[in-house]
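A.B. asks: Heads up: the protein sequence lines correspond to chains A and B, in order. Residues in the first sequence are numbered from 7 upward in steps of one, following the working numbering. Residues in the second sequence are numbered from 54 upward in steps of one, following the working numbering. Virtual Cβ for every residue (Gly too), placed ideally from N, Cα, C.
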Amino acid sequence: MSQTLVAILPVFLVIALGNIFRRTGFLPMEFWAAVNRLTFNVLVPALLISGLSRADLAGTNIGPMLVAVTVPMLGLAGLLWVLRPAMPVSGPAFTSVYQSVIRPNAYIAFAVALSLYGQTGLSAVALALAPTVPLVNLFSTAVLARHGSVPAGGSSIIRQVARNPLVLASLFGIGLQLAGLRLPPIVDETVAIAGQAALPLALLSVGAGLRIKAALAAGRAVLGASALRLLLMPLLTAAVAYAIGLEGMPLFIAILFNGVPAATVSYVMAREMGGDAPLMAGIITVQTALSMLTLPVLLALLA
Amino acid sequence: MIDVALAILPIFAMIGLGYVIRERGFLGEDFWRPAERLTYFVLFPILIVETLAGAELAGLTVLPMAAATISAILIMTLVALAARKVLKLGGPGFTSLYQGVVRMNTYIGLATAAALWNAAGLTLAAIAVAIIVPTVNVLSVAALARFVPAGAPSTTQVAGRLARNSLILACLIGIALNLAGIGLPPVAAPTLDILGQAALPLGLMAVGAGLDFRVMREAAHPVFAATGLRLLAMPAIAALTCWAFDVQGLTAAVVILFSATPTATSAYILARQLGGDAGMMAGITTLQTAAALVTLPLVLTLAT
């Protein structure tokens, strides 16, 4: 427990610092939009390529880990879709709840995994991310198209999903790993240096995206979304993982990946595609705050 | 030579990345100023505190190292004054030449020391920063006050500028934590570790973003003089002062490394604020940074 806590607490302190920097105006709003562009398109892909090409993944149970990650994700996505008519919320509000349940904040997962398991942990999260990001994007897009307030152009979104830099970088890194190749000497080091800036900036930016007012204004939907995301999802993940005999680091990564709060990028999607953006901001904020407690407890108990 | 070049090239590749991102306008102009603020006031001080607080300081010959470094800076001050006569420079022009000769790019210094000599190099580099930053700041501000009388700051303003310098504060805090035997507390250490990792990549990219090859077209004699003095003469002088004060091994290599880095990008800000020749300063910074790609591996190969 204490070891996990020591790995998790600093991650949240950095997030809190990002929030303070934004609120005090030390780093203005326009800066954070650029930071997100830089981390998403350049720095995090660099981190993933360098991590995946250097990691020692022999002995990591990747197949079962992916099962433990995706089955609960698909299950909850389907459950929400089925239960939609019975839920007392508007269409746009539903899309925000839905996104928050299935879209994990990979940056937090990367930071915790890196701190506890080094490059191997980082790579295991990247392996979980590569197949789930397209899936999550596809589902979120479908739900936003059906229930959002803005009709979406399907083909442009599919193109966006196909070009997701995190997925492309993971695939490239996995390719290098499988082929037993490294990047050429100078490129390898440069990519590694660039990757060092990825998580600090991404975590600060997660904090800058938190909205305490939106969290206070949000209603019961937030609590439901948080319970599903932070409790039911990791519990289901543990159940599936135990059932298929997953243990050790892959078990930890699966629960971590499905126990982190909703990704801050959900807010951008909600805003652009007619979701309930203020509710999305509220859910992300509440989940991020609550996960500071739920994540270490669940990981200590289950993994 | 090849080993050294291989270790240094990624550092210049990061600078190049910052330059390309800035030129392409990928992040917009709203990114770089706050990014520099974040790096200069938060991330870089954290890296310094973290490095110095946990460093093994016993057995380091800090005093001779400081003597060798400061003497090299003072000798180069005399050389710059002589160059002023030869080049017949006006006051503002001289201050830019002078800043170009004595200031050092701490991002490149730290990144190179870490790449070549790992933790031991990083610790010595952080100590070098603690020696260099106050010295060159006092001298640069004094030069601006003496040669650009219109914008002269008072002594209290100079003292205030130093007291607010985040790098000097970070050095003091780091050394205090170290000497008091406190080090860094359990949760603080990994938190600072996460943040400090971003300091060098972001700092190097900001160095690149500050380069302006357009001003290079107007580059005149003072720009070339400042570059030659800085990148070639100063490391030679530093090697001499190290020998004179019996500074050897890795410590001497770090002193020579810093004396061979291009000038600090903050020189431009100071030139603009205190009435120096900002255009010339930008030219000097750009030419030195580009030329250091060749001279730095050369100097380090000779020095080690």
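Can you tell which of A:Val-292, A:Ala-247 and A:Pro-284 has its C-alpha closest to the C-alpha of A:Arg-235?
C.D. replies: Residue numbering aside, residue 235 of chain A sits at position 229 when the first sequence is read from its first letter. For A:Arg-235, the nearest C-alpha among the options comes from A:Val-292.
A.B. asks: Starting from the Cα of B:Leu-293, find the closest Cα among B:Tyr-151, B:Phe-147, B:Ser-124 and B:Pro-87 and give me that residue.
C.D. replies: Taking the first residue of the second sequence as position 1, residue 293 of chain B is located at position 240. When each option's Cα is compared against that of B:Leu-293, the closest is B:Ser-124.
A.B. asks: Look at the Cβ atom of A:Leu-241, then the Cβ atom of A:Ile-21, and state whether they are nearer than 9 Å.
C.D. replies: Residue mapping note: residue 241 of chain A aligns to position 235 of the first sequence, counting from 1. Residue mapping note: residue 21 of chain A aligns to position 15 of the first sequence, counting from 1. Cβ atoms of A:Leu-241 and A:Ile-21: not closer than 9 Å.
A.B. asks: Could you tell me which chain B residues have their CB closer than 8 Å to the CB of A:Arg-235, listed as they occur along the chain?
C.D. replies: Start at 1 with the first residue of the first sequence, and residue 235 of chain A comes out as number 229. Neighbours of A:Arg-235 on chain B: none; closest Cβ ~24 Å, over 8 Å.
A.B. asks: Just checking, does the segment 143-157 of chain B make contact with the segment 116-133 of chain B on the three C-beta pairs under 8 Å criterion?
C.D. replies: Yes: the two stretches touch, three or more of their Cβ pairs being nearer than 8 Å.
A.B. asks: Cα separation between B:Ala-343 and B:Gly-71?
C.D. replies: Locating residue 343 of chain B in the second sequence gives position 290, where the first residue counts as 1. Locating residue 71 of chain B in the second sequence gives position 18, where the first residue counts as 1. About 13 Å.
A.B. asks: Say whether the segment 274-292 of chain A touches the segment 313-326 of chain B, bearing in mind that this needs 3 or more beta-carbon pairs closer than 8 Å, one atom from each stretch.
C.D. replies: At 8 Å Cβ cutoff, the stretches do not touch.
A.B. asks: Strictly below 7 Å CB to CB, what residues from chain A border B:Pro-254?
C.D. replies: Along the second sequence, read from residue 1 onward, the residue named residue 254 of chain B stands at position 201. Correct list: Ile-199, Ala-200, Gln-202 and Ala-203.
A.B. asks: Which residue wins for smallest C-alpha separation from A:Ala-295, given the options A:Leu-15, A:Thr-196, A:Ser-8 and A:Thr-10?
C.D. replies: For the purposes of this step, residue 295 of chain A is taken as residue 289 along the first sequence, with counting starting at 1. Answer by Cα proximity: A:Leu-15.
A.B. asks: Express the C-alpha separation of B:Ala-196 and B:Ala-324 in angstroms, rounding to a whole number.
C.D. replies: The count along the second sequence starts at 1 and reaches residue 324 of chain B at position 271. The count along the second sequence starts at 1 and reaches residue 196 of chain B at position 143. Cα to Cα, the separation comes out at about 11 Å.
A.B. asks: So with CB distances below 9 Å, who are the chain B contacts of A:Thr-10?
C.D. replies: Counting from one through the first sequence, the residue named residue 10 of chain A turns up at place 4. The premise fails here: A:Thr-10 is roughly 12 Å from chain B at the closest Cβ pair, so nothing lies under 9 Å.
A.B. asks: Mind listing, in chain order, the continuous beta strand (DSSP E) runs of no fewer than 3 residues lying wholly within the segment 294-333 of chain B?
C.D. replies: DSSP runs (the beta strand (DSSP E)) wholly in the segment 294-333 of chain B: none.
A.B. asks: Report yes if the CB atom of A:Leu-216 is closer than 9 Å to the CB atom of B:Arg-90, and no otherwise.
C.D. replies: As a first step, residue 216 of chain A is located in the first sequence; it is residue number 210 there, counting from the start. As a first step, residue 90 of chain B is located in the second sequence; it is residue number 37 there, counting from the start. Against a cut-off of 9 Å, the Cβ pair of B:Arg-90 and A:Leu-216 comes out as no contact.
A.B. asks: Mind checking B:Val-139: buried by the 16 CB within 10 Å criterion, or exposed?
C.D. replies: By one-based count along the second sequence, residue 139 of chain B stands at place 86. B:Val-139 is exposed by the Cβ-count criterion.
A.B. asks: Give the interface partners of A:Thr-294 over in chain B, defined as CB-CB distance under 7 Å, in chain order.
C.D. replies: Start at 1 with the first residue of the first sequence, and residue 294 of chain A comes out as number 288. Per Cβ cutoff of 7 Å: no residues; A:Thr-294 is ~16 Å from chain B at best.
A.B. asks: Pull out every residue of the segment 240-268 of chain B whose Cβ sits closer than 9 Å to any Cβ of chain A, in chain order.
C.D. replies: Residues passing the 9 Å Cβ filter: Val-240, Ala-241, Ala-242, Pro-243, Thr-244, Leu-245, Asp-246, Ile-247, Leu-248, Gly-249, Gln-250, Ala-251, Ala-252, Leu-253, Pro-254, Leu-255, Leu-257 and Met-258.
A.B. asks: Tell me, please, whether the CB atom of B:Ile-74 is closer than 9 Å to any CB atom in chain A?
C.D. replies: Taking the first residue of the second sequence as position 1, residue 74 of chain B is located at position 21. So, interface residue.
A.B. asks: Figure out for me which residue from B:Ala-259, B:Pro-187 and B:Val-352 has the closest Cα to the Cα of B:Val-73.
C.D. replies: Locating residue 73 of chain B in the second sequence gives position 20, counting from the first residue. Minimum Cα distance to B:Val-73 is reached at B:Ala-259.
A.B. asks: Taking DSSP's pairing of strands, which residues face A:Ala-268 in a bridge?
C.D. replies: Locating residue 268 of chain A in the first sequence gives position 262, counting from the first residue. Looking at the DSSP assignment, A:Ala-268 forms a beta bridge with A:Pro-110.
A.B. asks: Considering only the alpha carbon of each residue, which of B:Pro-63, B:Leu-131 and B:Leu-215 lies closest to A:Glu-195?
C.D. replies: By 1-based counting over the first sequence, the position of residue 195 of chain A is 189. With distances taken between Cα atoms, A:Glu-195 lies closest to B:Pro-63.
A.B. asks: Please list, in chain order, the chain A residues whose beta carbon lies closer than 7 Å to that of B:Phe-84.
C.D. replies: If you number the second sequence from 1, residue 84 of chain B lands on position 31. Correct list: Phe-37 and Ala-40.
A.B. asks: Could you pull out every residue in the same chain whose Cβ sits closer than 6 Å to the Cβ of A:Tyr-276, ignoring the five residues on either side in sequence?
C.D. replies: Within the first sequence, the letter at position 270 stands for residue 276 of chain A. Note that residue 276 of chain A corresponds to Ala in the displayed sequence, not to Tyr. Hits under 6 Å: Ser-102, Ala-283 and Met-286.
A.B. asks: In whole angstroms, what separates the C-alpha of B:Leu-248 from that of A:Gln-125?
C.D. replies: As a working note, residue 248 of chain B is residue 195 in the second sequence. As a working note, residue 125 of chain A is residue 119 in the first sequence. Those two C-alpha atoms are separated by around 18 Å.
A.B. asks: Are the beta-carbon atoms belonging to A:Leu-182 and A:Val-139 less than 9 Å from one another?
C.D. replies: Locating residue 182 of chain A in the first sequence gives position 176, counting from the first residue. Locating residue 139 of chain A in the first sequence gives position 133, counting from the first residue. In this structure, A:Val-139 does not lie closer than 9 Å to A:Leu-182 by Cβ.
A.B. asks: Please decide whether B:Ile-322 counts as near chain A, where near means a Cβ-Cβ distance under 9 Å.
C.D. replies: Translated into positions along the second sequence, residue 322 of chain B becomes position 269. Not closer than 9 Å to any Cβ of chain A, the Cβ of B:Ile-322 fails to qualify, so no.
A.B. asks: Leaving out five residues before and five after B:Asp-265 in sequence, what residues of the same chain have Cβ atoms less than 6 Å from its Cβ?
C.D. replies: Taking the second sequence and counting its residues from 1, one reaches residue 265 of chain B at position 212. Taken in chain order, the residues that qualify are Ala-335 and Thr-339.
A.B. asks: Could you work out which residues of chain A lie near B:Ala-49, taking near to mean beta carbons separated by less than 7 Å?
C.D. replies: Beyond the ends of chain B as shown, which are 54 and 357, falls residue 49 of chain B; an answer cannot be given.
A.B. asks: May I have the straight-line CA-CA distance separating A:Val-246 from A:Ala-74, to the nearest angstrom?
C.D. replies: Here the question's residue 246 of chain A lines up with position 240 in the first sequence. Here the question's residue 74 of chain A lines up with position 68 in the first sequence. Straight-line Cα distance between these residues: approximately 5 Å.
A.B. asks: With a threshold of 8 Å on Cβ separation, who are the neighbours of A:Leu-174 within its own chain once the five nearest residues in sequence on each side are excluded?
C.D. replies: As a working note, residue 174 of chain A is residue 168 in the first sequence. Answer for A:Leu-174: Pro-51, listed in chain order.
A.B. asks: For the segment 115-134 of chain A, which residues have a beta carbon sitting closer than 8 Å to at least one beta carbon of chain B?
C.D. replies: The residues in question are Ala-117 and Ser-121.
A.B. asks: What residues in the segment 211-240 of chain B have a beta carbon less than 8 Å from any beta carbon of chain A?
C.D. replies: Residues passing the 8 Å Cβ filter: Pro-239 and Val-240.
A.B. asks: A:Val-20 versus chain B: which residues are under 9 Å apart at the beta carbon?
C.D. replies: Along the first sequence, read from residue 1 onward, the residue named residue 20 of chain A stands at position 14. In chain order: Thr-244, Ile-247 and Leu-248.
A.B. asks: B:Leu-257 by DSSP, collapsed to three states: which one?
C.D. replies: Position 204 of the second sequence, counted from the start, is the residue given in the question as residue 257 of chain B. Reduced to three states, the DSSP call for B:Leu-257 is helix.
A.B. asks: Three-state secondary structure (DSSP) at B:Gln-250?
C.D. replies: What you label residue 250 of chain B is simply residue 197 of the second sequence in a count that begins at 1. Three-state DSSP puts B:Gln-250 in coil, outside helix and strand.
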